[in-house]
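Engineer: Numbering (my numbering), first residue to last: 41 to 379. Glycine residues also receive a C-beta, built at the ideal position from the N, C-alpha and C atoms. Sending over a structure as structure tokens; questions will come in a sec.
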Amino acid sequence: MHDVIELTVALCAIPSITGDEAAVVDEVARRLQAMGAQVTRQRVGDTPGRDNVLATAGAPPLVLLTTHLDTVPPFLPPRLEGDRLHGRGVIDAKGIAAAMLCAFERLLAAGETRVALLFVVGEETDSDGAKAAAQGFMPQVRHFIDGEPTDGMLVSAMKGVMAFELSCEGKAAHSAYPEAGHSAVHQLLGDLSRLLAEPWPRTDDAGQTTLNVGVVEGGVAPNVLAPHAKAVCVMRTTSDAAALLARVRALLTPGTQLALRTQSGPQRLVTLPGLPTKVVAFGSDVPHLSPRASGGPLLVGPGSILDAHTAHESVALDELRAAVELYHSLARRLLEETP
Numbered sequence: 041m042h043d044v045i046e047l048t049v050a051l052c053a054i055p056s057i058t059g060d061e062a063a064v065v066d067e068v069a070r071r072l073q074a075m076g077a078q079v080t081r082q083r084v085g086d087t088p089g090r091d092n093v094l095a096t097a098g099a100p101p102l103v104l105l106t107t108h109l110d111t112v113p114p115f116l117p118p119r120l121e122g123d124r125l126h127g128r129g130v131i132d133a134k135g136i137a138a139a140m141l142c143a144f145e146r147l148l149a150a151g152e153t154r155v156a157l158l159f160v161v162g163e164e165t166d167s168d169g170a171k172a173a174a175q176g177f178m179p180q181v182r183h184f185i186d187g188e189p190t191d192g193m194l195v196s197a198m199k200g201v202m203a204f205e206l207s208c209e210g211k212a213a214h215s216a217y218p219e220a221g222h223s224a225v226h227q228l229l230g231d232l233s234r235l236l237a238e239p240w241p242r243t244d245d246a247g248q249t250t251l252n253v254g255v256v257e258g259g260v261a262p263n264v265l266a267p268h269a270k271a272v273c274v275m276r277t278t279s280d281a282a283a284l285l286a287r288v289r290a291l292l293t294p295g296t297q298l299a300l301r302t303q304s305g306p307q308r309l310v311t312l313p314g315l316p317t318k319v320v321a322f323g324s325d326v327p328h329l330s331p332r333a334s335g336g337p338l339l340v341g342p343g344s345i346l347d348a349h350t351a352h353e354s355v356a357l358d359e360l361r362a363a364v365e366l367y368h369s370l371a372r373r374l375l376e377e378t379p
């Protein structure tokens, strides 16, 4: 049987920044095959080996465990300090993948064949792995349990995500003669100012819709009117995503182009009596995989989201061990409650 700490270290020692997941995909596929699971892979995009991995146990699955294998940059190798494990992916989400694999292994060892395990790529950018899996690669199940850092509490509601890129084209000219050209940067700044000043919706359960302008690029020199500019933005949505997108477009200058990267609305998730719950503001693969679960999704995982995507990403060893027990017990409970 795998040890969850050792497995987390092994997986986190393999760099898997989004787009470069092939090596860690090979590793989890190898381990699952060695366990005796039936393993299939689905190519995502054009990069060889950049695959989703599905492990089943023979019977049509009723419950599925799933999380992602990609991480944000930069790669930070794992290191053990006292009772905490540090490094990129220890909670988001290769530590969670390790806990799910260990729970899956225990279920198989006990003779349970109605459970499956799905690892996907690309969650940290546009969820291209989950979107591909939802096109028939992921089996139809009663419930799936998605893994993200939630402090070990089941999520009752979560915000959606809408990521988009704005681009403007200007006309270069000497900055002393602005009438001779048009600054794409000035146009873009006007667009972003209106977006940031807009009173975006708020709901009682999911909270405030927020906007982050994460990347701004443009121009060629300080004394030249900028011939081009772009910005990449992410909204955490609490209302209908299509309506929000229409509001965004209405605030843009004519000529500003919007390219949508990914879009989802807020989600309501399955919770279970007797277990603590919380509401989260981050996004996940849940909205893309939800059509494959007739009874609805669950979302839970060890660690704090406030440690994810940071230079101090870490998790307590006891949290990883407890996550194995949690995923195992949740799968058991859902299987017992499924007709």
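If you draw a straight line from the alpha carbon of Lys-134 to that of Leu-291, how long is it in whole angstroms?
Structural biologist: Taking the first residue of the sequence shown as position 1, residue 134 is located at position 94. Taking the first residue of the sequence shown as position 1, residue 291 is located at position 251. Distance between the alpha carbons of Lys-134 and Leu-291: 39 angstroms.
Engineer: Going by beta carbon distance, what residues of the same chain come within less than 7 angstroms of Glu-403, once the five residues before and after it are set aside?
Structural biologist: Nothing about residue 403 can be read from this structure; the chain reaches only from 41 to 379.
Engineer: Does the stretch 193–203 touch the stretch 320–333, meaning 3 or more C-beta pairs lie closer than 8 angstroms?
Structural biologist: Yes, since at least three Cβ pairs between the stretch 320–333 and the stretch 193–203 fall closer than 8 angstroms, the two stretches touch.
Engineer: Taking the beta strand (DSSP E) that Gly-254 belongs to, which residues open and close that run?
Structural biologist: By one-based count along the sequence shown, residue 254 stands at place 214. Note, Gly-254: beta strand (DSSP E), 250–258.
Engineer: Quick check: the stretch 324–344 against the stretch 300–316, are at least 3 beta-carbon pairs closer than 8 angstroms?
Structural biologist: Taking 8 angstroms as the limit for Cβ pairs, the verdict is that the stretch 324–344 does touch the stretch 300–316.
Engineer: Find the nearest neighbour of Met-275 within the set Ala-77, Glu-257 and Leu-300, judged by alpha-carbon distance.
Structural biologist: Start at 1 with the first residue of the sequence shown, and residue 275 comes out as number 235. The shortest Cα separation from Met-275 among Ala-77, Glu-257 and Leu-300 belongs to Leu-300.
Engineer: Report the rounded CA-to-CA distance for Val-103 versus Ile-136, giving the unit in angstroms.
Structural biologist: In the sequence shown, the residue the question calls residue 103 occupies position 63. In the sequence shown, the residue the question calls residue 136 occupies position 96. The alpha-carbon atoms of Val-103 and Ile-136 are separated by roughly 17 angstroms.
Engineer: From the DSSP output, in three-state form, read off Pro-337 for me.
Structural biologist: Taking the first residue of the sequence shown as 1, we reach residue 337 at position 297. Pro-337 falls in the strand class under three-state DSSP.
Engineer: Using three-state DSSP, classify Arg-221 as helix, strand or coil.
Structural biologist: Counting from one through the sequence shown, the residue named residue 221 turns up at place 181. Here residue 221 turns out to be Gly, not Arg, going by the sequence shown. Note: Gly-221 maps to coil in three-state DSSP.
Engineer: Could you tell me the alpha carbon to alpha carbon distance between Ala-77 and Arg-71, rounded to whole angstroms?
Structural biologist: Your numbering for residue 77 matches position 37 in the sequence shown. Your numbering for residue 71 matches position 31 in the sequence shown. Straight-line Cα distance between these residues: approximately 9 angstroms.
Engineer: Output the boundary residues of the beta strand (DSSP E) element that contains Glu-209.
Structural biologist: As a first step, residue 209 must be located in the sequence shown, where it is residue number 169. From DSSP, the beta strand (DSSP E) with Glu-209 extends over 200–209.
Engineer: Which of the three DSSP states is assigned to Phe-380 in this structure?
Structural biologist: Coverage of the chain is limited to positions 41 through 379, which leaves residue 380 absent and any answer about it impossible.
Engineer: Could you have a look at Met-275 and say whether DSSP puts it in helix, strand or coil?
Structural biologist: Taking the first residue of the sequence shown as 1, we reach residue 275 at position 235. Strand, per DSSP.
Engineer: Under 8 angstroms: do the stretch 89–102 and the stretch 173–184 share three or more Cβ pairs, one atom per stretch?
Structural biologist: Yes, the stretch 89–102 touches the stretch 173–184.
Engineer: Since Leu-158 and Thr-106 are thought to touch, with beta carbons under 8 angstroms apart, how far apart are those beta carbons, to the nearest angstrom?
Structural biologist: To locate residue 158, count along the sequence shown from 1; it is residue 118. To locate residue 106, count along the sequence shown from 1; it is residue 66. Indeed, because the Cβ distance is near 4 angstroms, the residues count as touching under 8 angstroms.
Engineer: Comparing C-alpha positions only, which one of Asp-245, Gly-258 and Gly-89 sits nearest to Gly-39?
Structural biologist: No information on residue 39 is available, as it lies outside the stretch 41 to 379 that the chain covers here.
Engineer: Less than 7 angstroms between C-beta atoms, sequence neighbours within five positions excluded: which residues of the same chain meet that for Ala-224?
Structural biologist: Taking the first residue of the sequence shown as 1, we reach residue 224 at position 184. Correct list, in chain order: Cys-208, Glu-209, Gly-210, Gly-258, Ala-266, Pro-267, His-268 and Ala-269.
Engineer: Nearest to Ser-233 by CA position, among Thr-317, Thr-277, Ala-271 and Gln-175, is which residue?
Structural biologist: By one-based count along the sequence shown, residue 233 stands at place 193. The candidate whose alpha carbon is nearest that of Ser-233 is Ala-271.
Engineer: Look up Asp-91 in the DSSP assignment and say whether it is helix, strand or coil.
Structural biologist: On the sequence shown, residue 91 is found 51 positions in, with the first residue counted as 1. If DSSP states are grouped into helix, strand and coil, Asp-91 belongs with the strands.
Engineer: Are the CB atoms of Ala-363 and Val-155 within a distance shorter than 9 angstroms?
Structural biologist: Residue 155 sits at position 115 when you count from the first residue of the sequence shown. Residue 363 sits at position 323 when you count from the first residue of the sequence shown. Not a contact, by the Cβ cut-off of 9 angstroms.
Engineer: Would the beta-carbon of Leu-109 fall within 9 angstroms of that of Ser-167?
Structural biologist: Walking along the sequence shown from the start, residue 109 turns up at place 69. Walking along the sequence shown from the start, residue 167 turns up at place 127. No. Outside cutoff.
Engineer: Can you grab the Cα-Cα spacing for the pair Glu-67 / Cys-273, in whole Å?
Structural biologist: As a first step, residue 67 is located in the sequence shown; it is residue number 27 there, counting from the start. As a first step, residue 273 is located in the sequence shown; it is residue number 233 there, counting from the start. Going by the C-alpha atoms only, they are around 34 angstroms apart.
Engineer: In whole angstroms, what separates the C-alpha of Val-195 from that of Leu-235?
Structural biologist: Sequence index remark: in the sequence shown, residue 195 carries index 155 (1-based). Sequence index remark: in the sequence shown, residue 235 carries index 195 (1-based). Spanning the two alpha carbons is a distance of roughly 29 angstroms.
Engineer: Any idea if Val-260 is buried or exposed, counting beta-carbon neighbours within 10 angstroms, 16 or more meaning buried?
Structural biologist: Here residue 260 refers to the residue found at position 220 when the sequence shown is read from its first residue. It counts as exposed.
Engineer: What distance in whole Å lies between the Cβ atoms of Leu-312 and Arg-373, which are believed to be in contact at a cut-off of 8 angstroms?
Structural biologist: Here the question's residue 373 lines up with position 333 in the sequence shown. Here the question's residue 312 lines up with position 272 in the sequence shown. That belief holds up - the Cβ atoms of Arg-373 and Leu-312 are roughly 7 angstroms apart, short of 8 angstroms.
Engineer: Kindly indicate the opening and closing residues of the alpha helix (DSSP H) around His-368.
Structural biologist: Your numbering for residue 368 matches position 328 in the sequence shown. Unbroken alpha helix (DSSP H) run through His-368: 357–377.
Engineer: Would you mind listing the alpha helix (DSSP H) stretches within the stretch 275–349 that are 4+ residues and don't spill past its ends, in chain order?
Structural biologist: Entirely contained in the stretch 275–349, the alpha helix (DSSP H) runs reaching 4 residues are, in chain order, 281–291 and 326–329.
Engineer: Does Phe-177 come out as helix, strand or coil in the three-state DSSP assignment?
Structural biologist: In the sequence shown, residue 177 corresponds to position 137, counting from 1. It is helical.
Engineer: Please report the Cβ distance between Thr-278 and Gln-248, rounded to the nearest whole angstrom; I am assuming they are in contact, meaning their Cβ atoms lie under 8 angstroms.
Structural biologist: By 1-based counting over the sequence shown, the position of residue 278 is 238. By 1-based counting over the sequence shown, the position of residue 248 is 208. About 7 angstroms separates the two Cβ atoms, so the contact holds.
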